[in-house]
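Residue numbers (the numbering used here), protein chains in the order written: chain A, 1 to 316; chain B, 1 to 532. Contents: one structure, followed by commentary.
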Amino acid sequence: MNWLPTSASTFAPQVDSILFLVTIISVVSIILVSFMLIYFVFKYKRKSVNDQTPAITHDSFLETLWTVIPTILCIVIFIYGYVYYDRYTTTPKDAYEINVTARRWSWSFAYPNGKKTFNELYVPINKPIRLVMQSDDVLHSFFVPAFRVKQDLIGNRYTFINFTPTKEGVFDIYCTEYCGLSHSDMIAKVHVVSEFEYAKWESGEEAKVENAYADMAPSKVGEQLYSSKGCVACHSIDGANGVGPSWKALYGKKREFTDGSSELADENYIKNSILYPVKGPDAKLVKGYGPVMPSYQGLLSDSEITAIIEYIKTIK
Amino acid sequence: MTDHHDFDKNYLENGKGFKSWFFSVDHKRLGVMYLWAIGVFFVLAAIASFLIRFEHLSPGQTIVSAQTYNVLFTLHGAVMVFLFIVPGVAASFGNFLIPLMIGARDVIFPKLNLYSFWVYCAGSIILLGSLLAPVDTGWTFYTPYSIDTGTNVIMVTFGVFVLGFSSILTGINFIVTMHKLRAPGLTWDRLPLFCWAAYATSLLQVLATPVVGITLLLLIGERYFGLGFFDPAKGGDPVLFQHFFWFYSHPAVYIMILPAMGIISEVLPVFSRKPIFGYKAIAYSSLAIALISFLVWGHHMFTSGQSKLINIIFSVITFAVAVPTAIKVFNWLWTMYKGSIELSTAMLYSLAFIFLFTIGGLTGLFLGALAADVHLHDTYFVVAHMHYVMIGGTVFGLFSAIHFWYPKMWGKMFDEFKAKIAFVLIFIGFNVVFFPQFILGTQGMPRRYFNYSPEFAFLHQLSTYGTWILGVGFILMLYVLCRPTGPASANPYNSLSLEWQMPSPPPTLNFKEIPTVNDSTYAYGTKIEQEA
Ligand code: HEM
Ligand SMILES: [Cu+2]
Ligand SMILES: [Cu+2]
Numbered sequence: 001m002n003w004l005p006t007s008a009s010t011f012a013p014q015v016d017s018i019l020f021l022v023t024i025i026s027v028v029s030i031i032l033v034s035f036m037l038i039y040f041v042f043k044y045k046r047k048s049v050n051d052q053t054p055a056i057t058h059d060s061f062l063e064t065l066w067t068v069i070p071t072i073l074c075i076v077i078f079i080y081g082y083v084y085y086d087r088y089t090t091t092p093k094d095a096y097e098i099n100v101t102a103r104r105w106s107w108s109f110a111y112p113n114g115k116k117t118f119n120e121l122y123v124p125i126n127k128p129i130r131l132v133m134q135s136d137d138v139l140h141s142f143f144v145p146a147f148r149v150k151q152d153l154i155g156n157r158y159t160f161i162n163f164t165p166t167k168e169g170v171f172d173i174y175c176t177e178y179c180g181l182s183h184s185d186m187i188a189k190v191h192v193v194s195e196f197e198y199a200k201w202e203s204g205e206e207a208k209v210e211n212a213y214a215d216m217a218p219s220k221v222g223e224q225l226y227s228s229k230g231c232v233a234c235h236s237i238d239g240a241n242g243v244g245p246s247w248k249a250l251y252g253k254k255r256e257f258t259d260g261s262s263e264l265a266d267e268n269y270i271k272n273s274i275l276y277p278v279k280g281p282d283a284k285l286v287k288g289y290g291p292v293m294p295s296y297q298g299l300l301s302d303s304e305i306t307a308i309i310e311y312i313k314t315i316k
Numbered sequence: 001m002t003d004h005h006d007f008d009k010n011y012l013e014n015g016k017g018f019k020s021w022f023f024s025v026d027h028k029r030l031g032v033m034y035l036w037a038i039g040v041f042f043v044l045a046a047i048a049s050f051l052i053r054f055e056h057l058s059p060g061q062t063i064v065s066a067q068t069y070n071v072l073f074t075l076h077g078a079v080m081v082f083l084f085i086v087p088g089v090a091a092s093f094g095n096f097l098i099p100l101m102i103g104a105r106d107v108i109f110p111k112l113n114l115y116s117f118w119v120y121c122a123g124s125i126i127l128l129g130s131l132l133a134p135v136d137t138g139w140t141f142y143t144p145y146s147i148d149t150g151t152n153v154i155m156v157t158f159g160v161f162v163l164g165f166s167s168i169l170t171g172i173n174f175i176v177t178m179h180k181l182r183a184p185g186l187t188w189d190r191l192p193l194f195c196w197a198a199y200a201t202s203l204l205q206v207l208a209t210p211v212v213g214i215t216l217l218l219l220i221g222e223r224y225f226g227l228g229f230f231d232p233a234k235g236g237d238p239v240l241f242q243h244f245f246w247f248y249s250h251p252a253v254y255i256m257i258l259p260a261m262g263i264i265s266e267v268l269p270v271f272s273r274k275p276i277f278g279y280k281a282i283a284y285s286s287l288a289i290a291l292i293s294f295l296v297w298g299h300h301m302f303t304s305g306q307s308k309l310i311n312i313i314f315s316v317i318t319f320a321v322a323v324p325t326a327i328k329v330f331n332w333l334w335t336m337y338k339g340s341i342e343l344s345t346a347m348l349y350s351l352a353f354i355f356l357f358t359i360g361g362l363t364g365l366f367l368g369a370l371a372a373d374v375h376l377h378d379t380y381f382v383v384a385h386m387h388y389v390m391i392g393g394t395v396f397g398l399f400s401a402i403h404f405w406y407p408k409m410w411g412k413m414f415d416e417f418k419a420k421i422a423f424v425l426i427f428i429g430f431n432v433v434f435f436p437q438f439i440l441g442t443q444g445m446p447r448r449y450f451n452y453s454p455e456f457a458f459l460h461q462l463s464t465y466g467t468w469i470l471g472v473g474f475i476l477m478l479y480v481l482c483r484p485t486g487p488a489s490a491n492p493y494n495s496l497s498l499e500w501q502m503p504s505p506p507p508t509l510n511f512k513e514i515p516t517v518n519d520s521t522y523a524y525g526t527k528i529e530q531e532a
């Protein structure tokens, strides 16, 4: 069994060294305490009700000892924690900045070159990264166990994380601030890739992805997007009610809205729902649902939206 | 009302039926009623937690839906905290014991005491009434989710608000009682340590509870009238809520644990036949911990986005509280040194307290260290840590008290042997449930997760199996306690404390004549060396 997750950032071994230090201190302490407990219980077991016991109430030497030693240990642990925390919170000058937006229950990432990704974060190895993060709705927290970093995202101000990835691979991003129904499914992946591959990805992943989709039926592509883009968190395909309406037999159905109007769910309706979900309390919404669907403008290409529509058509 | 005082009848026989209890101003009856109430709430919340654990038997859905899961952990947390552990030991054993230990006939304001109990009942009913539209925010009610969710947040928080009054009034009552009603000769430095602990707890209740009351009122105002204190959409600050909340809830952690520490300080000397070691260190450290505990709330918010400097300051103060806590543990241990130790059930629970609480405290060091907390915060590590403190500490302390004062409270003895078997099951079960969670948390398993990655499955399953052992232990313990074996003598353990110097169960008015105290409660053993 692995006691610790993979260590994939410069901060990770520092955290691990504190965990190690405090574990050693704890193990020694608990052995000491258990030893005393057990030893005393056996050694001083009651033999008769008339046992003579000494009335010891003080021992200056011992009391000084067990005040001073814990104090020193606490100071040492504090300093360790502080020094590494200080390094972690200090932003390196040449950091590569990525914007992170969290909303129920997905993550989106915006890169300096204008690229955007959804639930997939791409970072180059060995380069200091700075995440500038904000939440669109309630609190969330960005946690990558492999990097040992965690920071809450708030609605009214930016928060930041610095890290330098040191290992190529794909690692989990969890949300660790409770945010409602699908909190535990608010999971994304961070891809740490070599500088070369990163440059390649930066210049043309879209094309690559479209190519990959080229020989697939659009409805199959839509099915993949349904889970990879996070629609699955709110929309079921089996008719079950979730945070959003189910997609079962959606296409061609008459939709009724909160303002009393209605409309047939055709291609344009679906496309508009994806790009311009109505926000605000008095806006038009599907009857019975709240204004929580995020806009996917800029996050889904036209062909991807088409694929989703094709997929929705197949759900009968 | 119980105006027909009868000096010869014991408090259990003085009147029968619901009314004679529910309208009784007798502190002993109130203590017993609190004990029943917290017992019922403990069972309710424990059932919720067993369901939570059962759900984790496999990744994805096992028995309940995600929404039900979220409701369950909120219910579990809110009931355990606000209905069980905060009133907990202080209201039940505090009420029962403080007047007996200080040589008084009752608390100083007996009617206020009854009123506090009624307020507690009212608050509990309101809080549980929210089950009509069960809340899914977690017991911390963090904004803006608690403003946003469609569930019945107003009712739960209003229940907590009402419960706060019960807590404040009980606190005031105990403080004044200990100032005014101590028997002649019972100076502060002879006061039993349980009373010291209850005193420190009461201070916290009086000083901290109003803050959570006001905070929850603001939250209600925000939900009901749309005021913008915490909602960023209205220019409010969601993190402000966390500051307010933890300004109460960290001291509340000590409201939970201090009375249990008091119990340990009573049980150990009796079964070691030694004076408590370092009486003053324990008494004053209770007060010191209580006061410093007002200054560490920010250690719950290291990753919340508060400033770096503030984080560093909170980390320093947090480590400052760790030291007096460590000192207490060593004082308890050294009380046993060269003693004459009897391993009664109550003693076993107390010894287990020392062991488990030490683990809880040591794992707190991980969380106090800034860089480590960044990784561990809001993972199962925290869940394990807090349960080691709250079950390993408070609940084991409570169980120790229930067994220790059983003869006094009920005038009966119980089957020690079977009670010890229950102890062993509870001890093993508890560790099987919660120790794996330290590892889960370190591996990165977040808390409040309905679903989890398959890589965590083994430890989650282990933890769930533990609840089954724990459950059997609880049931066996209850069974043993419900089947007394015979009448108890006045003082079965030869304790020197005042409550044992009267018949079991105590007469309605406790003392025919108020006693005069000539020596420390812990004057066990032969004095060989005397320090100035
Ligand atoms: C009876 C045995 C108990 C078991 C098996 C148990 C188990 C659990 C579990 C499984 C969780 C949920 C973790 C999560 O999903 O994040 C939890 C949370 C919690 N427990 Fe317990 N628990 C027990 C007793 C207690 C006691 C005595 C307290 C005393 C106050 C307590 C206080 C809490 C709190 C405050 C939470 C956090 C709830 C939240 O996240 O909102 N538990 N417990
Ligand atoms: Cu979340
Ligand atoms: Cu705290």
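For glycine and all other residues, C-beta sits at the position ideal for the given N, C-alpha and C.
B:S146 has its Cβ no nearer than 8 Å to any heavy atom of ligand 2. DSSP, reduced to helix, strand and coil, places A:L32 within a helical segment of the structure shown.
Runs of alpha helix (DSSP H) with 4 or more residues, each lying fully within the stretch 343-377 of chain B, are found at 345-368 and 370-376, listed in chain order. In terms of beta-carbon proximity, A:A55 lines the interface with chain B, with at least one pair separated by less than 9 Å. Proximity of the beta carbon of A:W3 to ligand 3 is not indicated: no heavy atom of the ligand is located closer than 8 Å. Assignment of alpha helix (DSSP H) within the stretch 121-170 of chain B, counting only whole runs of 4 or more residues, yields 145-148 in chain order. A:S60 counts as exposed, since fewer than 16 other C-beta atoms from the protein chains shown sit within 10 angstroms of its C-beta.
Inter-residue distance for B:P184 and B:K280 is about 21 Å (C-alpha atoms, whole angstroms).
What you get when you keep residues with a C-beta closer than 6 Å to any heavy atom of ligand 2 is A:H140, A:C175, A:E177, A:Y178, A:C179, A:H183 and A:M186. Here the stretch 366-384 of chain B lies against the stretch 149-157 of chain A, with 3 or more beta-carbon pairs under 8 Å apart. Counted as a single uninterrupted DSSP element, the beta strand (DSSP E) harbouring A:H191 occupies residues A188 to V193. In this structure, the CA atom of B:S400 is about 52 Å from the CA atom of A:E120.
In this structure, B:G473 places its C-beta atom within 9 Å of the C-beta atom of B:G429. By the beta-carbon neighbour count (other beta carbons within 10 angstroms, threshold 16), B:F225 is exposed.
Our two residues, B:L12 and B:N113, have alpha carbons roughly 18 Å apart in a direct line. In the DSSP assignment, the residues bridged to A:H140 are A:L153. At least one heavy atom of ligand 3 lies less than 8 Å from the C-beta of B:S249. With contacts defined by Cβ atoms closer than 9 Å, A:S246 and A:I237 form a contacting pair. Between the C-alpha atoms of B:A326 and B:S116 there is a straight-line separation of about 34 Å. Short note on B:V389: C-beta not closer than 8 Å to any heavy atom of ligand 3. Under the Cβ distance rule, B:Y388 does not count among the residues neighbouring chain A, no pair being separated by less than 9 Å. Between the beta-carbon of A:G180 and that of B:Y145 there is about 6 Å, and that keeps the pair under the 8 Å contact cut. Look at A:K45 here: in three-state DSSP terms it is strand. For B:W196, the enclosing alpha helix (DSSP H) starts and ends at L193 to F225. In this structure, ligand 3 has a non-hydrogen atom nearer than 8 Å to the beta-carbon of B:V296. Taking A:G288 as reference, the option from A:N268, A:K271 and A:T258 with the minimal CA-CA separation is A:T258. Of the residues assessed, A:I24 falls on the exposed side of the cut-off, its CB having fewer than 16 other CB atoms within 10 angstroms. For B:W297, the three-state secondary structure derived from DSSP is helix. Listed by position along chain B, the residues whose Cβ is nearer than 8 Å to that of A:T89 are K308.
At a threshold of 8 Å, B:W246 counts as near ligand 3, since its beta carbon sits closer than that to one of the ligand's heavy atoms. In the displayed model, B:Q67 falls within a helix according to three-state DSSP. In this structure, ligand 3 has no non-hydrogen atom nearer than 8 Å to the beta-carbon of B:H56.
In terms of side-chain proximity, the C-beta atom of B:V212 is found no nearer than 8 Å to any non-hydrogen atom of ligand 3.
Taking 9 Å as the cut-off, the Cβ atoms of B:T345 and B:K420 count as close. Sixteen is the threshold: when 16 or more other Cβ atoms of the shown chains lie within 10 Å of the Cβ of A:T159, as they do, the residue is buried. The beta carbons of A:R46 and B:S304 sit no closer together than 9 Å.
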